[in-house]
Amino acid sequence: MKVDTTPAGPPSISKSALILTKALNVILSSILRSPFHRKLSQRFILLSFKGRRSGKRYTIVVGYQREDEVLEVISPRNWWRNLQGENTHVSVLLQGRWYDGVVEAFHGDETVVDGYLRAMQRSHALIGMYHVEVDETGQPKRESVCQATRTCALVRILLLPEKCI
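So this is what it looks like as structure tokens:
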């Protein structure tokens, strides 16, 4: 039996994987905007926001989890830094409709660990992606999740009552 000795942490991304990710982003974005979005919309949203310094509008595909009017997005990448600050507004394409939302971004605290634990309990593929140790019941170990997410972020989006488009 081969033992995985990769240290816990966010998945690394090579240059070729980055190119593939960009291509997939274009494809998924197109599907999410189309009438054929239903299946993909169960797991993915389009998140649109302005760059903090540049003011440029970015729209990216991200996975999400929903609890009532709150969406949670986990991120091993740095795009979330654009969402720092009070009352940062975003637009979200959720299940075929655009919504306005207010964002809170968390980094390096227990809120991040708790968010990743919830995500890993719902999607066991994340456990392998982040090289997280599991207990005897197959659940992610908190200490390992804490180590794996030290450079990651959790973005919480509160959907506002009115649709924006």
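Numbered per full-length UniProt numbering, the sequence shown spans residues 1 to 165. Think of the CB as a built atom: it goes at the ideal place given N, C-alpha and C, for glycine as much as any other residue.
Query	Result
Nearest residue (CA-CA) to Y64, options S144, G115, A148 and Q147	G115
Residues bridged to Q65 [DSSP beta-bridge criterion]	E72
Beta-carbon spacing of L40, L24 below 8 Å	no
Which of helix, strand or coil DSSP assigns to S48	strand
Distance, E143 Cα to L126 Cα	16 Å
Any 3 or more C-beta pairs closer than 8 Å across the segment 84-98 and the segment 132-141	no
Neighbourhood of C152 by C-beta distance below 8 Å, restricted to the same chain and skipping five residues each side	P10, I74, S75, P76, H107, V112 and Y116
Delimiting residues of the alpha helix (DSSP H) encompassing S144	R142 to A148
Enclosing alpha helix (DSSP H) for S16 [first to last residue]	K15 to R33
Residue range of the unbroken alpha helix (DSSP H) whose run includes E110	E110 to R122
Limits of the alpha helix (DSSP H) - the one that L40 falls within	R38 to S41
Bridge-paired residues (DSSP) for G101	V90 and L159
R53 - DSSP class collapsed to helix/strand/coil	coil
8 Å Cβ cutoff met for F49 and L71	no
For A153, the residue or residues it bridges with in DSSP	S75 and H107
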